[in-house]
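Sequence order for the protein chains is B and C.
291 is the number of the first residue of the first sequence in our numbering; add one for each residue after it.
63 is the number of the first residue of the second sequence in our numbering; add one for each residue after it.
Comments concern the structure below.
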Amino acid sequence: MPEWKPEILRRLAPLKLSAAREGEIAEEIAQHLEDRYHELLVTGQSEGAAFRTAIDELKGEDLLARSLLAVENDLYREPVPLGKGSSNLFAGILQDIHYAFRMMRKSPGFTAVAVLTLALGIGANTAIFSIVNGVLLNPLPFPHPQELTLLYEHSTNFEKFSISYPNFLDWQRTNSTFASMAGYRHEDFNITGSGEPERVRGGMVSAEFFPILGVKPLLGRLFVRDEDGLGAAPVALLAEGFWQRRFGSARDIVGKQIIMNGDAYTIVGVIPASFHFRAFNFAGIKDVYVPVGQTKDPFFYHRDAHKGMDAIGRLKPGVSLAAAQADMAQITRSLAAAYPNADKGTGAAVMPLRDELVHEVRPYLWLLLGAVGFVLLIACVNVGNLQLARSTGRAHEFAIRCALGADRWRVVRQLLTESVALGLAGGAIGACVAAWGTQAAIRLLPEALPRAEDVGLDGHVLVFTFAISILAGVVFGLVPALKMSRSGLQETLKEGGRGAGAARQRAQSVFVVGEMALALVLLTGAGLMMRTLARLWSVNPGFNPQNVLVFDVTLAPSLGANAATTRSEIRELSQTLRAIPGVQATSVIGGAVPMSGSDNEFPFWIDGQTKPANVSEMNLTLTYFVEPGYLKAMQIPLLRGRFIAATDDEHSPQVIVIDENFARKYFRGQDPIGRRIHMAI
Amino acid sequence: MQYIVMPYMDKTASQMEWKKGSAELLILSLVEARPRHGYEISKLIEQRSGGTVRFHVASLYPLLYRLESRGWLCGRWVEKNGQRRRRYYRLTRQGRRVLASQLRGWREFVAGINRITEAENA
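Dropping the structure here:
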């Protein structure tokens, strides 16, 4: 049987067609010549004469190439000359990419399914990584953030609690490891005077607070140390957002006065909106800042009072966290010795600022990233399976490439280029989806996530997206590529393009099994999480929050601090609220909103037991100040005895109601009704 | 498409030109009824023209590929029992419109030529 293909391929060589196209043309023309040859044999020609006549159909050495040149010029060009490897690698890769995009255009259905599947997986990963990057990985937006620490007090009973102001002043004065230290606490203010009265969120901060965080005022100046104390002239800083909203960004605001809680504060500057500082007890955007040393509550200045103030410190350059902790331990020991009643058993907790800000969300974010990683893996397996199924139709193409000299690596590279191109297309769409999705999610949950303002698609996220797009391409393309490159050349050609069926089916089976396993893991995890949430929802908290409204009340400063007037105002408010139609029960409360973080804890001892030597050795109990209507409003069942009644007032003996846990813990089976507790309020 | 009439060329040259001008029409006509492969097309042209018109491989296949790239033909590998797979060409919808237009033009051209030659020989 004459060999027609070498003759044909020699004539096609100048065209530098792709191996696939070249093979296709050679096969078709070889068949034509074969048919012609057999026809000539039938007419009685000798084999030699028939061969020469048939081959003459090609009309010389270059006519076929010249005729095809115009038609094939822009089509089916070979990515890299077959069998040649590294000599023109770069050009080869460019041609691979060109060919890969052409293959994508040729199969729009497959391309759309693969790209959208990958976009979903990559988009989910990009969205979660942008949060992980913004919250956990990026440095804090302050100068030398590694030097910043948060400080709390701690005791044997409590891991951390707010700092007493006198203690803080001693810490500030006597430490040797901090370049600077500042206290901060949250305080709401009533704005009156010109314009609508308004309740605003305020931060009471030390004069050192803004300099520690490297904040420069947008207008005016920051607080100076002399302003941070009782008796100093009242001054305030406005946040940019509040300044814009309330004062229309008036440039001449500095030096003007603002009435807060009935006092006139001179505005000394405006803090830029880019400044965000969220910490425990200091969450949410602030509208105004006032020096913490100007706190009006006299109790704030008691050494045994912990009125919600925490502190931030900047370590001296080169000082380690351990050295600072040792320094603070020494200081708190000295304070405990000097003030045993207030400070015995109390220490200082020093923690890196970033860890403190994000430690609660860190495990959940990594878990989420792991979960969406699984989603991407499932998407890869899915697309890999599609790719494998599609490769059946291309087995012949690659067999011909190999027959013409392409090595295995060359075939793998071409297929991987196609997979990576799909991955990158999916990544591009996924990044757009992630950009939109992340911002939408953050807008919905602005307070739930620390450092939400730092979340976005920055360079790191785009590099991550690019990397996982390539990785996804390699992951889902590698198995089909290797399977394809291992297909027996002879078998494939004999099978006429059906490819190595058994091997492909095995690989597809493995893919399907893997996909099912991954999906099962993900579904199980999601199912467990749903079940956990459902159970959490169904947990009885001991009260019914349905239709209960809670709001803050501040008495007018003009009433002064007279106890009788305050009681009378509060009772009048209670009566007014009870008279509103539809209101079933009301109670003026102090710190009695469960799980809101506004709880107060007070030291106590049981009557009949030895009184502890000092307050720091007493037990602490969560204490709610309530009116008789509280139990009805919260629908809390009364187990024994009676609840607080209207007759329990300033003239009657003091009464207290305890909960089941308190009774079990401190009275251990004895009847608590009628027993006495001493509260160190 | 342009048809150029060269009355003073010798017989071989004029036949070549006519073939060139009509090649597309011939191929499109032959695949109008049903898809055919390249060798079948070339044989039909040869047989039906009584051997007057023949396409050799080096011109037939480039022409088929051109018609395919224009979207007039669609080639597809078909495997039949007991045979090697062959590439069959079928007429596309666009090809069908082109064929109708070319046939009209060709008939007008031939009628025009006939009118001229009959008048001269009458």
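Even glycine gets a Cβ: it sits at the ideal position worked out from N, Cα and C.
With a beta-carbon spacing of about 5 angstroms, B/F479 and B/V490 fall inside the 8 angstroms limit used to define contacts. For B/V361, the C-beta contacts it makes with chain C under 7 angstroms involve P124, Y127, R128 and S131, in order along the chain. Interface with chain B (8 angstroms Cβ-Cβ cutoff): C/Y101 is included. Annotation for B/G519: P581, G583 and Q584 place their beta carbon closer than 8 angstroms to its own, counting only its chain and skipping 5 residues before and after.
DSSP places B/V525 inside the beta strand (DSSP E), whose first and last residues are V525 to A529. Where B/A310 is concerned, there is no enclosing beta strand (DSSP E), although the alpha helix (DSSP H) around it starts and stops at A309 to V332. Distances from the alpha-carbon of B/D633 to those of B/R395, B/I319, B/I383 and B/T446 put B/T446 closest. Using beta-carbon distances, C/V115 does not count as an interface residue toward chain B, since no partner is under 8 angstroms. In the structure shown, C/R166 adopts helical secondary structure according to DSSP, grouped into three states. Between B/L503 and B/F567, the CB-CB gap stays under 8 angstroms. Think of a sphere of 9 angstroms around the beta carbon of C/R148: the chain B residues whose beta carbon falls inside it are E318 and Q321, in chain order. The three-state reading of DSSP puts B/T855 in helix, counting H, G and I together. Around the CB of B/M819, fewer than 16 other CB atoms lie within 10 Å, so the residue is classed as exposed. The three-state reading of DSSP puts C/R158 in helix, counting H, G and I together. Cα atoms of C/Q109 and C/E102: separation of roughly 10 angstroms, rounded to the nearest angstrom. When secondary structure is reduced to three states using DSSP, B/I870 falls in the coil class, being assigned neither helix nor strand. Looking at the DSSP output, B/W827 bridges to nothing. In the structure shown, B/P433 adopts coil according to DSSP, grouped into three states. In this model, B/R593 and B/F754 are separated by some 51 angstroms (Cα to Cα). By the beta-carbon neighbour count (other beta carbons within 10 angstroms, threshold 16), B/Y920 is buried. If you look at B/P630, you'll find it in the alpha helix (DSSP H) that goes P630 to D633. When 7 angstroms is used as the limit between beta carbons, B/E297 is near no residue of chain C, the shortest such separation being about 11 angstroms. By alpha-carbon distance to B/M618, the top candidate from B/L509, B/P292, B/A638 and B/G350 is B/A638.
For B/L410, no beta strand (DSSP E) segment is defined; the enclosing uninterrupted segment is the alpha helix (DSSP H) at P398 to V422. A straight line joining the alpha-carbon of B/A903 with that of B/Y654 spans about 44 angstroms.
By the Cβ neighbour-count rule, B/R604 is buried, with 16 or more other Cβ atoms within 10 Å of its own. Chain-ordered, the chain B residues with CB closer than 7 angstroms to the CB of C/S121 read S357. Separation of the CB atoms of B/E687 and B/A310 is rounded to 4 angstroms, and the pair is thereby assigned contact status at 8 angstroms. C/R149 sits close to C/G100, with the two beta carbons spaced by under 8 angstroms. Under DSSP, B/N909 takes part in a beta bridge, and its partners are B/F894. In this structure, the alpha-carbon of B/I549 lies about 12 angstroms from that of B/V578. For B/E477, the uninterrupted beta strand (DSSP E) run begins and ends at F468 to T482, by DSSP. Within the same chain, R604 and L605 come within 6 angstroms of B/E437 by CB-CB distance, once the 5 residues on both sides are set aside.
Contact check for B/I575 and B/A529: beta-carbon distance about 7 angstroms, within the 8 angstroms limit, so the pair qualifies. In the three-state DSSP reduction, B/V878 falls in the coil class, being neither helix nor strand.
Our two residues, B/G531 and B/P562, have alpha carbons roughly 8 angstroms apart in a direct line.
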